[in-house]
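Asks: I'd like to ask some things about the structure below.
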Amino acid sequence: MPPEDGRRPRSLAETAYDAIEQMIISRRLAPGAMVSEGELGAELGLGRTPVREALARLKTIGFVEVHPRRGVLVTQVDVIKHLELLEVRRPLDETVARCVIARGTAEDMAHLLDQAAGLRSAAEARDREAYFRTKRGLHEALVGAAYNATLTGTMAALHAQSRRFWYTYEPTASFLDCAGIHGAILSGIAARDEAAALAGIGTLFDFLDRMTRRALDRRPLV
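Take the numbering used here: the last position of the sequence shown gets the number 722, and nothing is skipped along the way.
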């Protein structure tokens with residue numbers, strides 16, 4: 501029987517992917533760690549097949565390297581690669597904003613503003629886990645309101661890589677500034693003011709670029 505909210509049930513492979521991705525982002529599986537499919541399956545209570553499928557997806561976004569007969573290696577967080585990712589993300593974020601302004605419903609806009617308020621609350625509380633959890637929900641809601649399946653798939657991979665980098669390097673002291681910039685972007689989108697939304701995105705990516713470059717001389721924070 502399908503869920504009452506109309507969403508399809510999540511597959512075991514998707515469940516495994518989400519769990520292992522979070523283990524890597526939160527550094528429970530630290531860079532340089534070598535694990536096996538069997539170890540991961542035992543921890544998650546899942547068989548080898550969904551774990552193997554999840555690891556194949558994680559390999560495509562650069563989270564792991566698969567070494568036959570040796571195991572799975574968790575890759576390092578690379579500052580230079582993140583600068584390259586920001587170059588790719590900026591125009592895509594602008595495309596997402598334009599699509600949401602054109603297609604988003606009133607309910608979508610209200611939800612985005614709620615997400616922005618939640619992010620600010622987590623930032624004010626200096627709650628690292630809540631902040632990153634809320635920011636993930638905000639990004640997923642924003643991309644979902646674009647109603648473009650290609651964008652959804654593309655941005656999911658880029659956002660996962662971004663989450664991993666920022667969990668490692670974003671200082672708590674920057675949370676309020678970042679939440680404020682996100683709030684300005686979402687206010688522009690909710691008002692269907694493309695110029696304001698795009699100006700906010702420009703401010704965001706200038707801010708992210710500066711923080712990324714500072715990470716060149718900074719040790720991981722977690």
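A virtual CB, placed ideally from N, CA and C, is assigned to each residue, including glycine.
In chain order, what residues of the same chain lie with their CB nearer than 6 angstroms to the CB of Leu704, ignoring the 5 residues before and after it?
Replies: Position 204 of the sequence shown, counting from 1, holds the residue named residue 704. The answer, listed in chain order, is Ile681.
Asks: Just the Cα atoms here: how many angstroms apart are Pro550 and Val566?
Replies: Reading the sequence shown from its first residue, position 50 is the one you call residue 550. Reading the sequence shown from its first residue, position 66 is the one you call residue 566. For Pro550 and Val566, the distance between alpha carbons rounds to 15 angstroms.
Asks: Quick check: what's the CA-CA separation for Gly644 versus Arg557?
Replies: Start at 1 with the first residue of the sequence shown, and residue 644 comes out as number 144. Start at 1 with the first residue of the sequence shown, and residue 557 comes out as number 57. Each residue's Cα considered, the two are about 21 angstroms apart.
Asks: By Cβ distance, which residues of its chain are closer than 8 angstroms to Val564, with the 5 residues on each side in sequence left out?
Replies: Residue mapping note: residue 564 aligns to position 64 of the sequence shown, counting from 1. Cβ neighbours of Val564 beyond the five flanking positions: Ile524, Leu555, Leu558, Val572, Leu573, Val574, Thr575.
Asks: Is the Cβ-Cβ distance between Leu619 and Ala673 less than 8 angstroms?
Replies: By 1-based counting over the sequence shown, the position of residue 619 is 119. By 1-based counting over the sequence shown, the position of residue 673 is 173. Result no, Cβ atoms of Leu619 and Ala673 do not sit closer than 8 angstroms.
Asks: Closest to Glu587 by CA distance: which of Gly545, Pro509, Ile520, Ser662 is it?
Replies: For the purposes of this step, residue 587 is taken as the residue at position 87 of the sequence shown. That would be Ser662, whose Cα lies nearest to the Cα of Glu587.
Asks: Helix, strand or coil for Asp505 per DSSP?
Replies: Within the sequence shown, numbered from 1, the residue matching residue 505 stands at position 5. Residue confidence for Asp505 is low, a pLDDT of 48 falling below 50, so the modelled location carries little weight and cannot support an answer.
Asks: Have a look at Ala623 and Leu512 and give me their C-alpha separation to the nearest angstrom.
Replies: Looking up residue 623 in the sequence shown gives position 123. Looking up residue 512 in the sequence shown gives position 12. Approximately 33 angstroms, taken between the alpha carbons.
Asks: Can you confirm whether the region 645-659 touches the region 583-598 when touching is taken to mean that 3 or more C-beta pairs between the two stretches lie within less than 8 angstroms?
Replies: These segments touch.
Asks: Going by beta-carbon coordinates alone, are Ile689 and Ala597 separated by less than 8 angstroms?
Replies: Within the sequence shown, residue 689 is the residue found at index 189, counting from 1. Within the sequence shown, residue 597 is the residue found at index 97, counting from 1. It is a contact, given that the beta carbons lie within the stated cut-off.
Asks: Once the 5 residues before and after Ala696 are set aside, which same chain residues still bring their CB inside 6 angstroms of it?
Replies: The residue you call residue 696 lines up with position 196 of the sequence shown. Closer than 6 angstroms at Cβ, skipping near neighbours: Gly688.
Asks: Quick check on Thr668: buried or exposed, where buried means 16 or more other Cβ atoms within 10 Å of its Cβ?
Replies: As a first step, residue 668 is located in the sequence shown; it is residue number 168 there, counting from the start. With 16 or more other Cβ atoms within 10 Å, it is buried.
Asks: Could you tell me which of Leu638, Pro568, Ala602 sits nearest to Ala617, measuring between CA atoms?
Replies: Residue 617 sits at position 117 when you count from the first residue of the sequence shown. That would be Leu638, whose Cα lies nearest to the Cα of Ala617.
Asks: Quick one: grab the DSSP three-state call for Leu592.
Replies: If you number the sequence shown from 1, residue 592 lands on position 92. The answer is helix: DSSP assigns Leu592 an H, G or I state.
Asks: Can you name the start and end residues of the beta strand (DSSP E) that Glu565 belongs to?
Replies: Stepping through the sequence shown from its first residue, residue 565 is reached at position 65. Looking at the DSSP string, the run of the beta strand (DSSP E) that includes Glu565 is 564-567.
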